[in-house]
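Engineer:
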Amino acid sequence: MNHSPQPGSRKEVLRLAWPIAISMMSFTIKGFVDTLMVGQLGTDVLGAVGLASVATWMAMTFPWGILRGQRPLISQYLGAGQPEKAFSFGIHAFALALFCGAAVLIFAGPLTSAFRIYAESTDLSIGEVQIASDYFLTRMQWLLPTFLTLAIAEYLRSVGETRVPMLVDIFVHPLNIFLNWVLIFGHLGFEPMGAKGAALGTGIADVCALSLIFIIVKPKHKLTIGLLKIKIGRLREVLSVGFTGAVQFSLEAVSFVTITWFIGKTGAVAVAVHQVGIQLIHVSMLGGAAIADGGSVLIGKYVGEKDYIAVRKTLRSTLEIMTPYMLLIGACFVIFREQIGDMFINNDDPIEYAAAMRLSSGVLIAAAIWQLGDALQIAFRFALRAAGDHVWVMWAGILCTWLLSMPVAWVVVFVFNGDVADVWMAWNVEIFVGAAVFVHRWRSGKWARKRLVSD
68 MNHSPQPGSR
78 KEVLRLAWPI
88 AISMMSFTIK
98 GFVDTLMVGQ
108 LGTDVLGAVG
118 LASVATWMAM
128 TFPWGILRGQ
138 RPLISQYLGA
148 GQPEKAFSFG
158 IHAFALALFC
168 GAAVLIFAGP
178 LTSAFRIYAE
188 STDLSIGEVQ
198 IASDYFLTRM
208 QWLLPTFLTL
218 AIAEYLRSVG
228 ETRVPMLVDI
238 FVHPLNIFLN
248 WVLIFGHLGF
258 EPMGAKGAAL
268 GTGIADVCAL
278 SLIFIIVKPK
288 HKLTIGLLKI
298 KIGRLREVLS
308 VGFTGAVQFS
318 LEAVSFVTIT
328 WFIGKTGAVA
338 VAVHQVGIQL
348 IHVSMLGGAA
358 IADGGSVLIG
368 KYVGEKDYIA
378 VRKTLRSTLE
388 IMTPYMLLIG
398 ACFVIFREQI
408 GDMFINNDDP
418 IEYAAAMRLS
428 SGVLIAAAIW
438 QLGDALQIAF
448 RFALRAAGDH
458 VWVMWAGILC
468 TWLLSMPVAW
478 VVVFVFNGDV
488 ADVWMAWNVE
498 IFVGAAVFVH
508 RWRSGKWARK
518 RLVSD
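Just so we're aligned, residue 68 is where the sequence shown starts under the numbering used here, counting upward by one.
(1) Kindly indicate which three-state DSSP category residue 69 falls into: helix, strand or coil?
(2) Please classify residue 391: is it buried, with 16 or more other beta-carbons within 10 angstroms of its beta-carbon, or exposed?
(3) Please classify residue 303: is it buried, with 16 or more other beta-carbons within 10 angstroms of its beta-carbon, or exposed?
(4) If you follow the alpha helix (DSSP H) that residue 521 is in, where does it begin and where does it stop?
(5) Looking only at its own chain, which residues have a Cβ that is under 7 Å from the Cβ of residue 238, when we skip the five neighbours before and after it?
(6) What residue ranges within the stretch 184-240 form continuous beta strand (DSSP E) runs of no fewer than 3 residues, ordered along the chain?
(7) Go ahead and label residue 223 buried or exposed: buried means 16 or more other beta carbons lie within 10 angstroms of its beta carbon, across all protein chains shown.
(8) I need the straight-line Cα distance from residue 407 to residue 129, nearest angstrom please.
(9) Between residue 320 and residue 124, how many whole angstroms is the CB-CB distance? I'm expecting something under 8 Å.
(10) In angstroms, rounded to a whole number, what distance separates the CA positions of residue 211 and residue 252?
(11) Rounded to the nearest angstrom, what separates residue 452 and residue 460 at their Cα positions?
(12) Grab me the residues of residue 317's own chain with a C-beta within less than 6 Å of its C-beta, minus the 5 sequence neighbours each way, in chain order.
(13) Counting only runs of 4+ residues fully inside the stretch 109-168, write out the alpha helix (DSSP H) ranges in chain order.
(14) Under the rule that 16 or more other beta-carbon atoms within 10 Å means buried, what is residue 156, buried or exposed?
(15) Could you say which of 203, 371, 315, 348 lies nearest to residue 145 if we only look at CA atoms?
(16) Please classify residue 416 as buried or exposed, where buried requires at least 16 neighbouring CB atoms within 10 angstroms.
(17) Near residue 71, which residues of its chain fall below 6 Å by C-beta distance, leaving aside the five closest residues on each side in sequence?
(18) Excluding the five sequence neighbours on either side, which residues of its own chain have a C-beta within less than 6 Å of the C-beta of residue 326, listed in chain order?
(19) Note down, in chain order, each residue of its chain lying with its Cβ closer than 6 Å to the Cβ of residue 447, except the 5 sequence neighbours on either side.
(20) Classify residue 113 as buried or exposed, calling it buried when 16 or more other Cβ atoms lie within 10 Å of its own Cβ.
(21) Between 170, 328, 312, which lies nearest to residue 189 when the distance is taken from Cα to Cα?
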C-alpha cells in the first residue's frame, strides 16, 4: 500500500473507496433487479423470498463477522512493517471460511427445518412457506463458494488492493442477473423455477466469482510451507477479533429477523414492502459502507504506524465524503417515493395495491430520515473497529439493538397495532441514539489504547 502525499486526505480515502463503492453498487443493482424479477411473480412470492432472504443473511452473519476479523489485523501489521505476518492472517481467514462453508453445507437440512418452523409462525400461507423454504435451502447449499470468495476479497481490500474484487463483482453480478432471468422464468429452454431459480442463480454466480478471483490473483509472497502452515496462536488472533464482529452481527441479525417476524404478523404485503425497503436502503447504506471501508483500511494502517494525526484526519475525510452522499440518497427516497414503489409493487387487487403503495411511501420517508444517523454510525463503527476497539463496538452494537430496536418494534406492532412503515419510522430511535454513543466513544480517545500489533 503506497503512502499518499497527504495521509488521511479525501483523495486517499477515495482512492481505496471508489472500487469498493463500484462493487457495492453492482451488488445493489443486482439485488434491485432480482427483487424486480421476483416481484413479477406476485406480492405473495416477494414476501416469501423477503422472509427467506433475511434468514439467509442471519445464517451468513456469524461466518462473515469471523472473516472480517482479518481486516484490522492485516492493515495494522502492514502499517507496522510486518507484511508476511499480515499475509498469514489472510491464510488463516481462508481456512476459517472453508470450515464455515462446509459446516453450513452439512447442516443445510436442519437449518432449513428450523427456518420452516419460523416461517410457519408468521402469517404466510402454506404455499408461501414452501416457496420460502425452498429458497432458503438452496442458498444454504451454495454458501461455501460465497464464504471463500469473501475471505479472499477481504484480504485484498485489507492490503489496499480494492480493484480486483471490483473487477470480479462487475463481471459476476450481471451474470447473476442473467442466470436469474433464465432460471426464474424458464428462458433458453429451461423449465421455470420461480423463486428457487433466483437462489440457484446466485449460487452458480458465486462459484464463478471464486473461480475468477483465483485466476486473477497472483500472491506477492512466496507460498512456502511455513507461510501456509496453520498456527493455533494466529488462528486464535483472527478468531478473537472476528468473534466480536460475528457475535455482534449475528445478534443484530437475530434482532432483524425477529423484527421481520413482528412485521410478518401484520401480513404478507407488509413483508413484501419490508423486502423492497431493504433493497432500496442498500443504495445508501452500502455506498456509505464502501467509503467507510476505504477509510477503515487507512485507519488500521495508520494505527499500526502510530500516526494518530493521520487516523483522525482519515475519519474526517470519510465523513466529508459519505455524509453528503447519504443525505442526497435520502432526498431521492422522499421525492421519488411514488415512482420507486410502483416499480416493485405488482398486485392485481386494487385495494392491496393501494395498501402496499401507502406502506412503501411510509417506509421510504422513514429511510430518508435515517440517513444522517446511519452515516455517523457506519463511519464511527468502522473507525473504532479498525483501530482495534472491537470488543466495545460489539457490546455497544448489541445493546443498542436489543434495548432499543427490538422493544420499540414490539411496542409499535403489538401495543399500538402499527404497520411496517411505523416500525421503520421507529427505527430512528436506535439509529440516532446509537450514532451519539459511537461518536462519544471516538471523542473519548480510548480507542488509541486498543492497538492490535504486538511490538
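Where is the CB? At the ideal position from N, CA and C, for every residue including glycine.
Structural biologist: Once the coordinates are examined:
(1) The count along the sequence shown starts at 1 and reaches residue 69 at position 2. Per-residue confidence for residue 69 stands at a pLDDT of 49, beneath the threshold of 50, marking its modelled position as unreliable; no derived number is given.
(2) The count along the sequence shown starts at 1 and reaches residue 391 at position 324. Classification of residue 391: exposed, given that the 10 Å Cβ count is below 16.
(3) For the purposes of this step, residue 303 is taken as the residue at position 236 of the sequence shown. Burial call: exposed.
(4) Within the sequence shown, numbered from 1, the residue matching residue 521 stands at position 454. Looking at the DSSP string, residue 521 is not in any alpha helix (DSSP H), and its letter there is neither H nor E.
(5) Indexing the sequence shown from 1 puts residue 238 at position 171. The beta carbon of residue 238 is closer than 7 Å to those of 279 in its chain, skipping five residues each way along the sequence.
(6) As far as the stretch 184-240 is concerned, it has no whole beta strand (DSSP E) run of at least 3 residues.
(7) Here residue 223 refers to the residue found at position 156 when the sequence shown is read from its first residue. Looking at its Cβ environment, which holds 16 or more other Cβ atoms inside 10 Å, residue 223 is buried.
(8) In the sequence shown, the residue the question calls residue 407 occupies position 340. In the sequence shown, the residue the question calls residue 129 occupies position 62. Distance between the alpha carbons of residue 407 and residue 129 is about 32 Å.
(9) Working through the sequence shown from its first residue, we reach residue 320 at position 253. Working through the sequence shown from its first residue, we reach residue 124 at position 57. Sure, about 6 Å apart at Cβ, within 8 Å.
(10) Here residue 211 refers to the residue found at position 144 when the sequence shown is read from its first residue. Here residue 252 refers to the residue found at position 185 when the sequence shown is read from its first residue. So the alpha carbons of these two residues sit roughly 26 Å apart.
(11) Taking the sequence shown and counting its residues from 1, one reaches residue 452 at position 385. Taking the sequence shown and counting its residues from 1, one reaches residue 460 at position 393. Near 7 Å, if we compare the C-alpha coordinates of residue 460 and residue 452.
(12) On the sequence shown, residue 317 is found 250 positions in, with the first residue counted as 1. These residues qualify, in order along the chain: 128, 129.
(13) Fully enclosed alpha helix (DSSP H) runs of 4 or longer: 110-134, 137-146.
(14) In the sequence shown, counting from the first residue as 1, residue 156 sits at position 89. Classification of residue 156: buried, given that the 10 Å Cβ count is 16 or more.
(15) Counted from its first residue, the sequence shown places residue 145 at position 78. Out of 203, 371, 315, 348, 371 has the C-alpha closest to the C-alpha of residue 145.
(16) Translated into the one-based positions of the sequence shown, residue 416 becomes position 349. Here residue 416 is exposed. Its C-beta has fewer than 16 other C-beta atoms within 10 Å.
(17) Residue 71 sits at position 4 when you count from the first residue of the sequence shown. Reliability of the predicted coordinates at residue 71 is poor, the pLDDT of 49 falling under 50, and no value is obtained from them.
(18) Position 259 of the sequence shown holds residue 326. Closer than 6 Å at Cβ, skipping near neighbours: 476.
(19) By one-based count along the sequence shown, residue 447 stands at place 380. In the same chain as residue 447, and ignoring 5 residues on each side of it, the C-beta atoms closer than 6 Å to its own belong to 505, 506, 509, in chain order.
(20) Translated into positions along the sequence shown, residue 113 becomes position 46. Here residue 113 is buried. Its C-beta has 16 or more other C-beta atoms within 10 Å.
(21) By one-based count along the sequence shown, residue 189 stands at place 122. Per the C-alpha coordinates, the member of 170, 328, 312 positioned closest to residue 189 is 328.
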